[in-house]
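Residue numbering for the sequence shown follows the working numbering, starting at 830 and increasing by one per position.
By construction, the Cβ of each residue, glycine as well, lies at the ideal position given by its N, Cα and C atoms.
Below is one structure, written out as structure tokens, with a few remarks after it.
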Amino acid sequence: MADSKKNYHQGHDIKSLALNLATFLLFMLPFALYFGEDEKAYTYVGVVVGFLLLAVIVPPVGWMRPHPYTDMPGNEPLQFRKNN
């Protein structure tokens with residue numbers, strides 16, 4: 830019975846980490862714009878937009894966070910190592 834049991838998904842796949850980083854930067858953007866230098870405002874916004882775009886194109890491509898029990902093909906988490 831232990832062999833048929835799936836491992837619990839910890840949310841440490843590349844898509845989840847990219848989305849977490851992008852949303853953290855989006856949350857920090859107002860603080861950076863308020864407390865930061867005025868000349869670097871466009872740079873701050875550009876970095877956040879770049880990370881949001883990166884989070885969208887990281888496999889699986891799209892805006893949805895991968896889920897191990899999904900009904901949608903191709904929305905499974907990308908795993909770099911084999912589960913035991």
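(message) If the criterion is Cβ atoms closer than 8 Å, does the pair Val874 and Leu854 meet it?
(response) Your numbering for residue 874 matches position 45 in the sequence shown. Your numbering for residue 854 matches position 25 in the sequence shown. Contact: no.
(message) Quick check on the burial criterion: 16 or more other C-beta atoms within 10 angstroms. Buried or exposed for Ala851?
(response) The residue you call residue 851 lines up with position 22 of the sequence shown. Flag for Ala851 reads buried.
(request) Evaluate Asp900 with the Cβ neighbour count: other Cβ atoms within 10 Å of its Cβ, from every protein chain shown; 16 or more gives buried, anything less gives exposed. (result) Locating residue 900 in the sequence shown gives position 71, where the first residue counts as 1. So Asp900 counts as exposed.
(request) Since I believe Leu883 is in contact with Ala847 (beta carbons under 8 Å), could you give me their beta-carbon distance rounded to a whole number of angstroms? (result) For this step, residue 847 is matched to residue 18 along the sequence shown. For this step, residue 883 is matched to residue 54 along the sequence shown. Yes, they are in contact, since the Cβ atoms of Ala847 and Leu883 sit about 6 Å apart, within 8 Å.
(request) Could you please give the first and the last residue of the uninterrupted alpha helix (DSSP H) stretch that includes Met857? (result) For this step, residue 857 is matched to residue 28 along the sequence shown. Unbroken alpha helix (DSSP H) run through Met857: 843-864.
(message) Applying the 10 Å Cβ sphere with the 16-neighbour rule, what's the burial state of Arg890?
(response) To locate residue 890, count along the sequence shown from 1; it is residue 61. Contrary to the premise, residue 890 reads as Val rather than Arg in this sequence. Label assigned to Val890: exposed.
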